[in-house]
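First up is the structure itself, then whatever we jot down about it.
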Amino acid sequence: MDRFKIDDVAKATGLTKRTIRYYEEIGLIKPPARSEGGTRLYTAEDIERLKNIVAAREVLGFSLQELQHFLALKETMETHRAEYRHAAAGSEKRRELEQISAGLRRQIAMLEEKMKKMAMLKQELDQMAERVDALLQERREE
96 MDRFKIDDVA
106 KATGLTKRTI
116 RYYEEIGLIK
126 PPARSEGGTR
136 LYTAEDIERL
146 KNIVAAREVL
156 GFSLQELQHF
166 LALKETMETH
176 RAEYRHAAAG
186 SEKRRELEQI
196 SAGLRRQIAM
206 LEEKMKKMAM
216 LKQELDQMAE
226 RVDALLQERR
236 EE
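Using our numbering, you'd call the opening residue of the sequence shown number 96 and step up by one each time.
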């Protein structure tokens with residue numbers, strides 16, 4: 096398995112080394128393995144997780160706390176998926192599916208709330224742009 100130093104991870108993700116270490120500190124990523132000299136050694140999986148974090152922050156506007164909840168939900172879903180595959184009884188499988196569904200519904204509700212706020216902000220910006228354009232038009236006519 097390939098291992099990457101923090102400089103390589105920073106280049107691949109567009110994050111600073113300090114940010115990567117901070118994300119590790121607050122639990123957004125797992126502490127990486129270390130070399131005998133203590134150098135952090137990241138996996139391709141770590142890089143993908145960091146890229147997902149960047150995308151969630153940039154595209155979805157997630158706060159760090161929301162990111163922690165989102166990533167915890169993804170991990171919980173992976174765990175439930177594995178448990179679901181190994182669950183023998185139908186009632187166990189149903190319980191696992193209900194837990195996955197509840198987590199997804201919470202995430203969807205959070206995204207819908209963000210989208211509503213973004214739509215309101217866009218509407219406000221559109222109105223401001225219209226007022227500025229009207230003022231510009233008035234100036235041209237002077």
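No residue lacks a Cβ here, since even glycine has one placed at the ideal position from N, Cα and C.
Just so we're clear, the structure is a prediction, and the values are computed from it rather than from any experiment.
Nonlocal neighbours in the same chain, by C-beta distance under 6 Å from residue i, ignoring five residues either side
i: Q160; result: none
i: Y264; result: Within the shown structure, residues of the chain are numbered from 96 to 237, placing residue 264 beyond reach of any answer.
Residue span of the alpha helix (DSSP H) that contains residue i, given as start and end
i: E119; result: 112–120
i: D103; result: 101–108
Contact check, residue i vs residue j, beta carbons under 9 Å
i: L136; j: K100; result: yes
i: L155; j: I124; result: no
i: H175; j: I195; result: yes
i: Y179; j: E191; result: yes
i: L199; j: M172; result: yes
i: V138; j: D97; result: Correcting the residue type first, residue 138 is Thr in the shown sequence and not Val. Yes, the pair counts as a contact, with Cβ atoms nearer than the cut-off.
i: L168; j: R201; result: yes
i: I142; j: A184; result: no
Per DSSP, the bridge partner or partners of residue i
i: L216; result: Partner(s): none; L216 has no beta bridge.
i: L136; result: A128
Cβ-based neighbour list, residue i, same chain, cut-off 7 Å, excluding 5 preceding and 5 following
i: L162; result: L123, I148, A151, R152
i: A105; result: T111, K112, I115
i: R129; result: R135, L136
i: L230; result: none
i: Q218; result: none
Residues near residue i in its chain [Cβ-Cβ closer than 8 Å; skip 5 each side]
i: I121; result: L159, Q163
Residue-level contact to chain B via CB, residue i, 9 Å cutoff
i: E170; result: The question asks about chain B, but that chain is absent: this structure has only one protein chain.
Which runs of the alpha helix (DSSP H) fall wholly inside the region 139–203 and span at least 4 residues, in chain order? 139–155, 159–181
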